[in-house]
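Heads up, the sequence shown is in numbering that gives the first Met the number 0, so the first residue is 0 and it goes up one at a time. From the three backbone atoms N, C-alpha and C, an ideal C-beta is built for every residue, glycine too. Single-structure report; data block below.
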Amino acid sequence: MSSEDLKIDPARTALVLIEYQNEFTTEGGKLHGAVKDCIEATGTIENSKKMLEEARKAGVTVVHCPIEFGKDHKEISKTPYGILAGVKEGEAFAKGEWGSVICDDMKPTEDELVVSGKRGLCGFASTNLDFILRQNDVKNILLSGFLTNCCVESTMRSGYELGYNIYTLKDCCAATDKAAQDAVYEYNFGMFSNPITSDVAIKALA
Numbered sequence: 000m001s002s003e004d005l006k007i008d009p010a011r012t013a014l015v016l017i018e019y020q021n022e023f024t025t026e027g028g029k030l031h032g033a034v035k036d037c038i039e040a041t042g043t044i045e046n047s048k049k050m051l052e053e054a055r056k057a058g059v060t061v062v063h064c065p066i067e068f069g070k071d072h073k074e075i076s077k078t079p080y081g082i083l084a085g086v087k088e089g090e091a092f093a094k095g096e097w098g099s100v101i102c103d104d105m106k107p108t109e110d111e112l113v114v115s116g117k118r119g120l121c122g123f124a125s126t127n128l129d130f131i132l133r134q135n136d137v138k139n140i141l142l143s144g145f146l147t148n149c150c151v152e153s154t155m156r157s158g159y160e161l162g163y164n165i166y167t168l169k170d171c172c173a174a175t176d177k178a179a180q181d182a183v184y185e186y187n188f189g190m191f192s193n194p195i196t197s198d199v200a201i202k203a204l205a
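Next comes the structure, spelled out in structure tokens:
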């Protein structure tokens, strides 16, 4: 089916927003400098904000999926490696601090759902995301956020294996490197999702 013919039922759809938190999205965030260039090149925040507004109008279930850690990041190993080592060393996404707050452009309304328990990369592992989606009769997931080739990709793969119809929004994500983002779009996303842009998703929900 071409993108022109795509139809997505808003009543069976959730917009899942991964880590639109100040650490990534906002000047002064501990990881903002790492993703700033990709955000600007992709138009991530502007496109995501428009997608959120249109999803709300269409009656889509909106689910925010932040990550946060307690004091001293004790949830993470004493000898971490990879991306979680950087999170712990930089004391990023600390609960109750400005950096872990969802940014103003993407702030949840009172009736929107916020996932709890995210400590690792996948939006499903250690969280109540799957429970929320099934309780709200969701079959289709519109997926976006940070980082494209980390938490978004991990969530995409798990959602695919759990039987959801995944639509990754390519112009609503960002990574630490634009070339790395383009590579996963070209080689990985089509294996585990239907990669589309936000304008296609908005039209499909109408």
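Check for me: the beta strand (DSSP E) holding residue i runs from which residue to which?
| i | result |
| --- | --- |
| H63 | 60-64 |
| F191 | From DSSP, F191 is part of no beta strand (DSSP E) but of the alpha helix (DSSP H) over 188-191. |
| S143 | 139-145 |
Please classify residue i as buried or exposed, where buried requires at least 16 other C-beta atoms within 10 Å of its C-beta.
| i | result |
| --- | --- |
| E88 | exposed |
| S143 | buried |
| M105 | buried |
| S192 | buried |
| A174 | buried |
| G116 | exposed |
| G162 | exposed |
| A205 | exposed |
| A84 | exposed |
| T225 | One cannot answer for residue 225 here, as it falls past the ends of the chain, which runs 0 to 205. |
| A200 | buried |
Let's see if you can read the secondary structure: which residues bound the alpha helix (DSSP H) around residue i?
| i | result |
| --- | --- |
| N164 | Premise fails: N164 lies in the beta strand (DSSP E), 164-173, not in any alpha helix (DSSP H). |
| E88 | 82-88 |
| G158 | 152-160 |
| T43 | 43-57 |
| S197 | 197-204 |
| L30 | Careful: L30 lies outside any alpha helix (DSSP H) and carries neither H nor E. |
| I131 | 128-134 |
Return the bridge partner residues of residue i from the DSSP annotation.
| i | result |
| --- | --- |
| Q20 | I101 |
| A93 | F68 |
| A13 | T60, I140 |
| V113 | H63 |
| P79 | P79 pairs with nothing; no bridge assigned. |
| P194 | T167 |
Since I believe residue j is in contact with residue i (beta carbons under 8 Å), could you give me their beta-carbon distance rounded to a whole number of angstroms?
| i | j | result |
| --- | --- | --- |
| T154 | F123 | 6 Å |
| K94 | G58 | That pair is no contact at about 32 Å. |
(message) I'd like to know if the region 89-109 and the region 173-180 are in contact, where contact means that at least 3 CB-CB pairs between them fall below 8 Å.
(response) no
(message) Count Cβ pairs between the region 11-20 and the region 64-74 that sit closer than 8 Å; are there 3 or more?
(response) yes
(request) Determine contact between the region 126-133 and the region 71-80, defined as no fewer than three beta-carbon pairs at a distance below 8 Å. (result) no
(message) Can you confirm whether the region 44-55 touches the region 160-167 when touching is taken to mean that 3 or more C-beta pairs between the two stretches lie within less than 8 Å?
(response) no
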